[in-house]
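Q: Residues in the sequence shown are numbered consecutively from 0, following numbering that gives the first Met the number 0.
Starting off with a structure, shown below.
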Amino acid sequence: MAEEPSTAVPPPLPTDARASATLPPKSQRGSRKTREGEVISSSMNKTIVVRTVTRVPHPKFGKIVKQQKKFYAHDEENKAKNGDTVRIMETRPLSKLKRWRLVEIVRK
0 MAEEPSTAVP PPLPTDARAS ATLPPKSQRG SRKTREGEVI SSSMNKTIVV RTVTRVPHPK
60 FGKIVKQQKK FYAHDEENKA KNGDTVRIME TRPLSKLKRW RLVEIVRK
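In structure tokens, the structure reads:
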């Protein structure tokens with residue numbers, strides 16, 4: 000007698016098993032970037048604009064020059080005010096411009 004192939008469908012995986020199969024555990028995910036800078040705008044709801052200053056040598060002349068960059072960061076509790084020095088951390092995209100979140104206020 001010829002045996003028929005099994006047509007049984009395996010049971011579906013639990014929801015948490017599917018999630019863990021696609022995402023690496025937190026211990027394997029690389030460390031997220033952090034920046035420290037000054038709040039230059041806090042007028043938006045739950046959003047701050049942080050200016051960071053880095054010093055880099057000029058590519059041709061070698062003189063140390065300052066470079067400024069603005070980051071939009073999520074401030075859930077609206078704690079940070081203009082002039083505060085804050086630490087921000089990279090996160091998933093929260094809006095068109097926000098990819099950072101407030102970690103702590105270093106100095107008021």
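The beta-carbon is built from N, C-alpha and C at its ideal position, and this holds for glycine as well.
Small disclaimer: the values here were computed from a predicted structure and weren't measured.
Counting only runs of 4+ residues fully inside the region 28 to 56, write out the alpha helix (DSSP H) ranges in chain order.
A: none
Q: Measuring only the C-alpha atoms, how far is V48 from G61?
A: Going by the C-alpha atoms only, they are around 30 Å apart.
Q: Once DSSP output is grouped into helix, strand and coil, what is the label at F70?
A: strand
Q: What is the rounded straight-line gap between the Cα of R28 and the Cα of R86?
A: 21 Å
Q: Can you tell me the Cβ-Cβ gap for E89 and K32, rounded? I've got them flagged as a contact below 8 Å.
A: 4 Å
Q: In whole angstroms, what is the alpha-carbon distance linking T51 and R98?
A: Counting only the Cα atoms, R98 lies some 15 Å from T51.
Q: For L93, which residues of its own chain have a beta-carbon under 6 Å away from its beta-carbon, when the five flanking residues on both sides are left out?
A: H73
Q: Is K65 helix, strand or coil by DSSP?
A: strand
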